[in-house]
Amino acid sequence: MDNLLIDNIRRRNRTNTRLKYIIIAGAVITVVPIFLIVGNLALKGYRQINLAFFTEPAPDTFQAMMAASSGEVIPGGIANGLTGSLLMVIIASLVSIPLGLMTGVYLYENGTKRYASFIRSLTEILQGVPSIILGIIAYLWVVRNITRGYSALAGSTALTIMMLPLIIRSTEETMKMIPVTIREAAFALGTPYYKMIIKVLIPVSFSGLATGVLLALSRILGETAPLMLTALGSPSVSLDVTRPVSAVPLLIWDFYNDPNMVNLVWSASLFLMVFVLSMNLLSRSIASKHKYI
Amino acid sequence: MSDTHTTEPVLKIEGLSIAYEPGRYAVKDVSATVRRNSITAIMGPSGCGKSTLLRAMNRMHELYPNIETRGDILLDGKSIFPMSVIELRRKVGMVFQRPNPFPNMTIYENVVAGYSLNDIRLKKNQRDEIVENALRNVTLWDEVKEFLFRKGTFLSGGQQQRLCVARAIAFNPEVLLLDEPTSALDPIATSKIEDLLGELKKKYTIVLVTHNMSQAARISDDSMFMYLGELVEAGRTETLFTTPKDARTEAYLTGKFG
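One line per chain: the protein sequences are A and B, in this order.
All letters in the first sequence, in the order written, are residues 558 to 850 by our numbering.
All letters in the second sequence, in the order written, are residues 27 to 284 by our numbering.
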């Protein structure tokens, strides 16, 4: 009897140990590709990263060819893509952040009403729409009818529609975590409804809201497909919203298509990756610093 | 007990009925009075409607749709329902079951939250005075004066609850409603709150919901016993605990249910 029990315990311990190693192995397998990606990009891309990389627009094929044949670093950089990306992301943020926050608060406040559930379903559907389709829609609305040509505005439109559902969802989910007693505390002090939202709900959920916005930003920073149909790309730095602009992911695609500029693919990718990663880290640090709920 | 009803009651509840769903009343035709500068305890088993009754007194029910209220509540002889809800809640403060300081605000900001959330601008010295007075009144001042500018959630549960009382009295209300204010606290914190209420009744009228009979016996002047939405019995705590008129009150007090 005793031996049986000891055997049993041994067997269970062995199973325990085995499962533990399997889990650790699984975790390692998932993490390794991330390091490989960053490492690969860094190794292949670091040579191109210098001051000019951020201040000069993309080189033309000829310049790149000359540099490549003489073994030098390719001149020029991604300034046109960087400014274009920032321009479009800023416009998209200016529209989608307030609109998304308001819609999110509305859904949270009126969660069970029929109209709210309708809006919520629409938001979910919107989130599932492939980005290329949003590009086509922005092309139809803005490129064809408003700016009469490819433009930064059209690109921002597509990005805005992409950001909206992300912000709406995260706003609603964050606010749901606020205990109802906090709201009641505000109301019990005679606080008017709008003050309760501005001075209590939003500050209390600030970390969640900021995280949602930053994650939405990092999502759209890498978007390429909808921009091909809207912003098109531009060889020079442009801040005119009615004209075509470039964007970092568009530049990566351009570089990829030009055999002389392959080196720049790695640098631009490295930059985009690091940028998005730091957005994620930033959102994390904000989240931990202002976490109230 | 010579201080009988010489003064007009602060609160007068007249035929109050409250339904969360049409036809299903959580409070049924309750009439009662609350005396000035006294502690009135509302007790009864869970689900008897005691919190519902309390929350009617500052019209908290209006935050939720579909709650039907009938009857009237008079504050100093005037019905509370035509009043602006902001004015009413300045006169009738509330403390909740779980301590709920605003997590985004410091201790200092929490105490003056009633002013800042209502856009009442105060000079810094006025604010300082209100904060110190309110915190002294809840015997929290000595414990927190060193860290007034840390977040309120950094305090212990009992301290947080006293902070919430301070937040409610910083507005200098007439009536203070407390909804089981000690049910989430340990015995020491509970006794501090109870002592505090004994002090506060000199300035304010206190209505306290509790499911803790001994608490009601310890600190209240008047008691109401509710059962299934009805006000079964109300009167001086001493009388109600020693010679209950209703069989249900007696059954509750002797632990037959609840």
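Glycine is no exception: its CB is placed at the ideal position from the N, C-alpha and C atoms.
Note that the structure is a prediction, hence the values are computed from the model and not measured.
Here the alpha carbons of Ile648 of chain A and Ser803 of chain A stand approximately 15 Å from one another. Close CB contacts of Ile156 of chain B within its chain, under the 8 Å cut and outside five residues either way in sequence, are with Val137, Val138, Tyr141, Leu148, Ala196 (chain order). Short of 7 Å from the beta carbon of Ala773 of chain A, and not among the five residues preceding or following it, lie these beta carbons of its own chain, in chain order: Met720, Leu723, Ile724. Going by C-alpha positions, Gly70 of chain B is about 9 Å away from Leu279 of chain B. Burial of Pro127 of chain B is indicated by the presence of at least 16 other C-beta atoms within 10 angstroms of its C-beta. By the Cβ neighbour-count rule, Thr714 of chain A is buried, with 16 or more other Cβ atoms within 10 Å of its own.
The contact set of Ile245 of chain B on chain A, defined by CB atoms closer than 9 Å, is empty, because the minimum CB distance reaches about 22 Å. A distance below 8 Å separates the beta carbons of Leu778 of chain A and Ser642 of chain A. By the neighbour-count criterion, in which a residue is buried when 16 or more other Cβ atoms sit within 10 angstroms of its Cβ, Gln152 of chain B is exposed. Flagged as an interface residue toward chain A: Val111 of chain B, by a C-beta distance shorter than 8 Å. In the DSSP assignment, Asp212 of chain B falls outside any beta strand (DSSP E) and carries neither an H nor an E.
With respect to chain B, the C-beta atom of Pro783 of chain A has no partner C-beta closer than 8 Å.
In this structure Ala194 of chain B is in contact with Val121 of chain B, their Cβ atoms being roughly 5 Å apart against a cut-off of 8 Å.
Neighbours of Lys756 of chain A across chain B, judged by C-beta separation under 8 Å: Ser142, Leu143.
The C-beta distance from Gly602 of chain A to Leu827 of chain A rounds to 4 Å, short enough to fall under 8 Å. DSSP places Gly103 of chain B outside both helix and strand once states are collapsed to three, so it counts as coil. Scanning chain B for C-beta atoms nearer than 8 Å to the C-beta of Val761 of chain A yields Phe128, Pro129, Asn130, reported in chain order. Going by DSSP, Phe251 of chain B is part of the beta strand (DSSP E) stretching over 248 to 253. Contact between Pro801 of chain A and Pro614 of chain A is ruled out by a C-beta separation of about 13 Å, above the 8 Å threshold.
Contact note: Ile739 of chain A reaches chain B through Asn126, Phe128, Pro129, using a C-beta cutoff of 8 Å and chain order. Chain B has no Cβ within less than 8 Å of the Cβ of Leu766 of chain A. About 6 Å separates the Cβ atoms of Pro129 of chain B and Val761 of chain A, confirming a contact at the 8 Å cut-off. Among the bridge pairs identified by DSSP, Met120 of chain B is matched with B:Leu203. Of all alpha-carbon atoms in B:Arg188, B:Glu113, B:Leu204, B:Lys150, the one lying nearest the alpha-carbon of Thr236 of chain B is that of B:Leu204. The residue from A:Thr612, A:Ser708, A:Ala745 with its alpha-carbon nearest to that of Asp797 of chain A is A:Ser708. Looking at the DSSP output, Gly261 of chain B bridges to B:Ser249. Contact with chain B is found for Gly747 of chain A, since one of that chain's Cβ atoms lies less than 8 Å from the residue's Cβ.
Contact between the segment 54 to 63 of chain B and the segment 246 to 254 of chain B is present: three or more C-beta pairs spanning the two stretches fall below 8 Å.
At least one CB atom of chain B sits nearer than 8 Å to the CB of Lys752 of chain A. Using a 10 angstroms sphere on the CB of Glu172 of chain B, the tally of other CB atoms stays under 16, which defines it as exposed. Ile68 of chain B: member of the beta strand (DSSP E) spanning 65 to 69, first to last residue. Using a Cβ distance threshold of 8 Å, Leu771 of chain A and Met830 of chain A do not count as a contacting pair.
Within the segment 79 to 98 of chain B, the residues whose Cβ lies closer than 7 Å to some Cβ of chain A are Asn84, Met86, Leu89, listed in chain order. Against chain B, the CB of Ala743 of chain A has a partner CB under 8 Å away; the residue lies at that interface.
The C-beta distance from Ala636 of chain A to Val794 of chain A rounds to 6 Å, short enough to meet the 8 Å contact threshold. Sorting A:Pro806, A:Ala599, A:Thr799, A:Gly790 by C-alpha distance to the C-alpha of Glu780 of chain A places A:Pro806 at the top.
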